[in-house]
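Student: In the working numbering, each residue's number is its place in the sequence shown (first place is 1) plus 195.
Just so it is clear, CB atoms sit at the ideal spot from N, CA and C, and this is done for glycine as well.
Everything numeric in this text was worked out from a predicted model, so none of it was measured.
Take this structure first; my questions come after.
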Amino acid sequence: MSDAMLDKLVRFERPERSLPYAWAMDDAARAAVFGADPADYAAAVHALDAQRADAVRRLAALPSVRAALDRAPFSSGRRIMAIGESTTADRLSWFELLTELFATERPGPGVQFENVAISGSTTTQALANLPALRRRQPDVVFCMLGANDARRFPGSGGDRLVSAEETARNLRLLRRDAVGAPGARWIWVAPTPIDERRVAAHPYLGGAGLAWTDADMRGTAAILREAAEPGDLVIDPADASGPMPLLDDGLHPHLDAQATLAAHVLEVLAGPAR
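Structure representation (structure tokens):
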């Protein structure tokens with residue numbers, strides 16, 4: 196396996212999350228899942244950890260982020276959980292950056308972050324995993340789902356993997372069945388922008404006949420707004436002020452885009468300065 200392939204697998208895939216009985220999996224077992232040498236696996240994890248730490252240092256140096264961090268509405272003891280797909284499961288994701296930002300800039304007994312996002316997850320799969328999610332009883336739920344529902348298969352007439360109607364139903368059920376503690380706050384995060392031409396040209400995505408459209412992504416943002424209940428918050432990456440570059444597949448956000456989204460989420464949560 197090439198170093199680049201291992202890095203991508205380690206960055207986006209977390210076997211212990213997708214295998215329900217593998218919660219105690221150690222690094223040697225994870226390396227074996229990827230067919231990698233444990234030392235190579237550890238080196239890949241270390242390199243990604245270093246990239247994340249550097250991105251967090253750069254975020255923490257921004258006056259707007261520091262001010263928003265001081266106003267953040269997460270009090271001590273609150274449990275924060277993220278449900279999502281690869282954009283959130285990414286070891287360099289916006290949620291992972293926020294987790295480390297709070298750990299380094301607001302240390303000590305404080306909020307607890309848990310990322311249960313699974314790469315490739317659809318809203319249907321998240322709904323099937325509802326019992327496991329409900330047991331965690333978070334106080335705040337971030338939900339960034341729907342991008343994989345909108346995956347299209349040109350060979351089958353361009354049908355979506357999950358219809359828009361089914362996506363809306365699944366999200367309403369997730370919200371209705373109240374993943375989280377009683378009164379948990381829900382924060383919906385819409386999909387990030389994509390580059391359709393780069394997706395089509397990518398040897399794995401386009402080569403396999405997979406496609407996404409920007410119109411579908413915008414439609415998913417609208418579905419999230421419809422699923423939201425009074426008191427919920429909907430955050431759209433399209434509203435972020437900053438660069439949103441993509442990886443070479445045209446689908447996944449670059450680390451710089453993840454940092455932009457992390458800052459945007461934090462600033463929206465914090466609200467305007469007084």
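What residue range is occupied by the uninterrupted beta strand (DSSP E) comprising residue 307?
Tutor: Stepping through the sequence shown from its first residue, residue 307 is reached at position 112. Where residue 307 is concerned, the enclosing beta strand (DSSP E) stretches over 307 to 310.
Student: Residue 393 lies in the beta strand (DSSP E); which residues open and close that run?
Tutor: On the sequence shown, residue 393 is found 198 positions in, with the first residue counted as 1. Taken as a continuous stretch (DSSP letters only), residue 393 belongs to no beta strand (DSSP E), being part of the alpha helix (DSSP H) at 391 to 396.
Student: Applying the 10 Å Cβ sphere with the 16-neighbour rule, what's the burial state of residue 341?
Tutor: Numbered from 1 along the sequence shown, position 146 holds the residue referred to as residue 341. With 16 or more other Cβ atoms within 10 Å, it is buried.
Student: For residue 447, I'd like the list of residues in its chain whose CB is within less than 8 Å of its CB, leaving aside the five on either flank, ordered along the chain.
Tutor: Within the sequence shown, numbered from 1, the residue matching residue 447 stands at position 252. Hits under 8 Å: 207, 281, 282, 285, 441.
Student: For residue 269, does the three-state DSSP call read helix, strand or coil?
Tutor: As a working mapping, residue 269 is identified with position 74 in the sequence shown. In this structure, residue 269 counts as coil in the three-state DSSP scheme.
Student: Of the choices 218, 225, 291, whose alpha-carbon is the least far from that of residue 245?
Tutor: On the sequence shown, residue 245 is found 50 positions in, with the first residue counted as 1. It is 291 whose Cα lies nearest to the Cα of residue 245.
Student: For residue 310, which residues in the same chain have their Cβ closer than 6 Å to its Cβ, ignoring the five residues on either side in sequence?
Tutor: Numbered from 1 along the sequence shown, position 115 holds the residue referred to as residue 310. Within the same chain, residue 310 has close Cβ partners 277, 290.
Student: Considering only the beta carbon of each residue, do residue 415 and residue 437 sit closer than 8 Å?
Tutor: Your numbering for residue 415 matches position 220 in the sequence shown. Your numbering for residue 437 matches position 242 in the sequence shown. Result no, Cβ atoms of residue 415 and residue 437 do not sit closer than 8 Å.
Student: Give me the Cβ distance between residue 204 and residue 453, rounded to the nearest whole Å; I'm assuming they're in contact under 8 Å.
Tutor: Residue 204 sits at position 9 when you count from the first residue of the sequence shown. Residue 453 sits at position 258 when you count from the first residue of the sequence shown. Not quite, the Cβ-Cβ distance comes to about 18 Å (not below 8 Å), so this is no contact.
Student: Consult DSSP for residue 446 and reduce its assignment to one of helix, strand or coil.
Tutor: Walking along the sequence shown from the start, residue 446 turns up at place 251. DSSP places residue 446 in coil when its eight states are reduced to three.
Student: Excluding the five sequence neighbours on either side, which residues of its own chain have a C-beta within less than 6 Å of the C-beta of residue 428, listed in chain order?
Tutor: If you number the sequence shown from 1, residue 428 lands on position 233. So the list reads 382, once near-sequence residues are dropped.
Student: Could you tell me if residue 268 is buried or exposed, where buried requires 16 or more neighbouring beta carbons within 10 angstroms of its beta carbon?
Tutor: For the purposes of this step, residue 268 is taken as residue 73 along the sequence shown, with counting starting at 1. So residue 268 counts as exposed.
Student: Could you tell me the distance, in whole angstroms, from the CA atom of residue 237 to the CA atom of residue 425?
Tutor: By 1-based counting over the sequence shown, the position of residue 237 is 42. By 1-based counting over the sequence shown, the position of residue 425 is 230. Those two C-alpha atoms are separated by around 44 Å.
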